[in-house]
Amino acid sequence: MSIKRSLIKNAAFNLSGYFYLLLASFFSISVLLNNLGRDIFGVYIFLVSFISLAAVFDFGISNAVVRKLSLPDTTREENVKTWKTSFAIYIALAVVLFICVFVLLQYLSRIMPLFVHLDRNTINWSIGILSSIVFVNHLNTHLLNLSQAKQRFDIFNSKTILVGSANTIISALVSGAYPNIAILFLVQLVFHILTFMFMVFYSLKYFTGKDFTPSYDKQTGKELFSFGLRNFVGTLAGQVENQFSNFILGAMVSARAITSFSIPQSIVAKGAGVVSQVAQAFFPLSTSLLEKDRIKKLKKLVLGIEGLTLIGGVLAVFLSFTIGQSFLTWWLKDPVVVASAYPILKVLSFYFVLVSLTPIPTALLQGLNKPQIPSFFGALTVSLEIIFSLFLVRMGAIGIAYAFLISVCITVPSILIVTWKQLELEIIKISEPLPKQ
48 MSIKRSLIKN
58 AAFNLSGYFY
68 LLLASFFSIS
78 VLLNNLGRDI
88 FGVYIFLVSF
98 ISLAAVFDFG
108 ISNAVVRKLS
118 LPDTTREENV
128 KTWKTSFAIY
138 IALAVVLFIC
148 VFVLLQYLSR
158 IMPLFVHLDR
168 NTINWSIGIL
178 SSIVFVNHLN
188 THLLNLSQAK
198 QRFDIFNSKT
208 ILVGSANTII
218 SALVSGAYPN
228 IAILFLVQLV
238 FHILTFMFMV
248 FYSLKYFTGK
258 DFTPSYDKQT
268 GKELFSFGLR
278 NFVGTLAGQV
288 ENQFSNFILG
298 AMVSARAITS
308 FSIPQSIVAK
318 GAGVVSQVAQ
328 AFFPLSTSLL
338 EKDRIKKLKK
348 LVLGIEGLTL
358 IGGVLAVFLS
368 FTIGQSFLTW
378 WLKDPVVVAS
388 AYPILKVLSF
398 YFVLVSLTPI
408 PTALLQGLNK
418 PQIPSFFGAL
428 TVSLEIIFSL
438 FLVRMGAIGI
448 AYAFLISVCI
458 TVPSILIVTW
468 KQLELEIIKI
478 SEPLPKQ
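Just so you know, we're using this note's numbering here: the sequence shown kicks off at 48 and counts up by one.
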């Protein structure tokens with residue numbers, strides 16, 4: 048199969064699952080908002096953010112494993128060691144994260160004012176179930192690495208269908224009869240477990256018997272952590288970027304401010320997620336193209352994708368300013384939330400143009416074994432966002448939106464320039480003839 052056809056096929060699987068989730072989330076957000084109420088919905092969003100935030104704490108092992116299993120000419124023995132070592136690491140991390148999330152949320156629920164909207168019993172059950180989701184989700188991440196490395200994105204997207212449905216449509220329907228967030232988390236936990244069972248069944252086709260079981264190999268672990276830790280800072284920064292606004296608004300403004308900001312933020316995140324789905328398919332493919340006769344094709348592919356992404360970003364700004372308010376009114380059916388969310392959406396639409404240009408360069412740099420570069424720029428972006436947010440939060444939720452925009456105006460052009468220079472250097476390196484013996 049040609050390079051373009053392979054990328055299109057894999058990206059199509061990712062995008063089909065993603066667009067399903069996109070439509071499901073649009074339906075569910077308005078239903079959950081109305082069934083739970085503005086304040087409880089803000090608490091729900093705050094708690095859900097811990098699942099994504101905890102998932103980051105694999106110290107970059109996920110991308111390291113995918114890259115290792117995607118490299119050409121790796122032996123069966125190396126693949127088995129990579130799998131078993133990864134499994135052992137994820138089990139240990141899952142246990143640690145379960146404890147950390149449980150303890151942290153118990154503490155925060157006693158000091159943050161937004162939790163006054165819930166009774167203590169609901170809080171305790173929610174925290175216990177949410178911590179269990181974090182545990183199972185971490186194990187699923189390990190299992191999903193195999194299908195991504197094998198470029199089986201039909202299998203990889205099983206989590207999107209199962210967990211995504213539970214988080215959106217099913218939770219929205221359940222909230223109509225039981226508007227209790229602990230029950231919603233319980234429903235979601237069941238689907239995380241179903242995903243785990245399905246992925247174990249798939250993984251056993253490649254690693255059977257003792258090859259499947261976790262076992263830590265020091266040398267393999269060292270290699271995985273060497274790549275992973277360089278990538279981890281950027282991944283962590285990305286999640287902090289997605290979630291820290293909830294903490295600032297929850298602590299310094301109100302639970303309702305979280306609702307006003309999180310809705311336009313989710314729209315922008317889902318738009319940027321379209322590019323991320325392509326980048327997810329692009330990562331193992333770009334790694335396999337690091338050969339003398341194929342790397343120039345990689346360069347053309349990067350230019351083509353980035354050009355299409357920029358056109359899509361400009362279109363998003365146009366749509367936000369022309370039909371954005373009408374869309375929010377039709378979607379949310381809450382004029383109070385729309386009035387506060389629409390100005391934020393307009394600001395974040397410009398943020399979207401810039402941030403959507405970064406997933407492909409990030410995947411490319413990871414394939415070039417330079418994960419420390421996107422990590423640096425990711426950390427720099429988040430640091431600037433936090434600094435600007437602390438100054439602009441007095442403006443309310445829209446101040447956070449301006450903080451996001453100012454930060455990416457500084458960092459995104461820089462990472463694009465650095466990425467292009469790194470690709471040019473790699474082309475020269477690979478194209479140079481080998482020295483005569």
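Every residue, glycine too, gets a C-beta built ideally from N, C-alpha and C.
query                                                                                                                 : result
Spatially closest choice to glutamine 469 from Glu432, Phe424 and Pro408, by CA coordinates                           : Pro408
Buried versus exposed, by CB contacts within 10 Å (16 or more), glutamate 353                                         : buried
Helix, strand or coil at phenylalanine 145 according to DSSP, with G and I counted as helix                           : helix
Whole-angstrom distance between lysine 128 and valine 321, CA atom to CA atom                                         : 33 angstroms
The region 145-163 / the region 204-214 touching (three or more Cβ pairs under 8 angstroms)                           : no
Where asparagine 168 falls, given that 16 or more other Cβ within 10 Å makes a residue buried                         : exposed
Residue span of the alpha helix (DSSP H) that contains asparagine 187, given as start and end                         : 167-196
For leucine 472, the three-state DSSP class (helix, strand or coil)                                                   : helix
Span of the alpha helix (DSSP H) around arginine 114                                                                  : 108-117
Local Cβ density within 10 Å of methionine 244, reported as buried at 16 or more and exposed below that               : exposed
At least three beta-carbon pairs within less than 8 angstroms, the region 247-264 to the region 386-401               : no
Contact belief for isoleucine 98 with isoleucine 202 at Cβ below 8 angstroms, rounded distance in angstroms           : The Cβ separation is near 22 angstroms, so there is no contact.
When Lys380, Gly318 and Phe279 are compared against proline 421, the one with the closest alpha-carbon                : Phe279
Same chain, Cβ closer than 6 angstroms to serine 309, five either side skipped, listed in chain order                 : Ile92
Collapsed DSSP secondary structure at serine 250 in the structure displayed                                           : helix
Per-residue burial, glutamate 432 [other beta carbons within 10 Å of its own, 16 or more giving buried]               : buried
Rounded straight-line distance, which links the Cα of alanine 71 to that of serine 194                                : 24 angstroms
CB of tyrosine 137 within 8 angstroms of CB of threonine 188, strictly                                                : yes
N- and C-terminal bounds of the alpha helix (DSSP H) containing isoleucine 92                                         : 85-102
Span of the alpha helix (DSSP H), counted from its first residue to its last, around alanine 386                      : 382-402
Length-filtered (3 minimum) beta strand (DSSP E) runs lying within the region 413-469                                 : none
Which listed residue (Phe368, Ser222, Leu395 and Gly425) has its alpha carbon closest to that of serine 77            : Ser222
Buried versus exposed call for arginine 441 [16 or more other C-beta atoms within 10 Å across all chains shown]       : exposed
Rounded straight-line distance, which links the Cα of valine 237 to that of tyrosine 225                              : 16 angstroms
Nearest-angstrom Cα separation, counted from tyrosine 249 out to phenylalanine 232                                    : 26 angstroms
Selected residue, minimal CA-CA separation from leucine 350, among Ile314, Lys265, Phe272 and Ile464                  : Ile464
Contact set for tryptophan 467: own chain, Cβ-Cβ below 7 angstroms, skip 5 residues either direction                  : none
Simplified DSSP assignment, three categories, for leucine 481                                                         : Here leucine 481 scores only 49 on pLDDT, less than 50, and its place in the model is too uncertain to base an answer on.
Residues near serine 178 in its chain [Cβ-Cβ closer than 6 angstroms; skip 5 each side]                               : Phe145, Val148 and Phe149
Residues near alanine 135 by beta carbon distance below 7 angstroms, same chain, minus five either side               : Pro261, Ser262 and Tyr263
Status (buried if at least 16 other CB within 10 Å, exposed otherwise) for proline 311                                : buried
First through last residue of the alpha helix (DSSP H) which encompasses aspartate 201                                : 200-203
Delimiting residues of the alpha helix (DSSP H) encompassing valine 163                                               : Segment: none, valine 163 is in no alpha helix (DSSP H) and carries neither H nor E.
Outcome for tryptophan 377 when other beta-carbon atoms lying within 10 angstroms are tallied against a minimum of 16 : exposed
Helix, strand or coil at serine 486 [DSSP, three-state]                                                               : No answer is possible for residue 486: it lies beyond the span of the chain, which begins at 48 and ends at 484.
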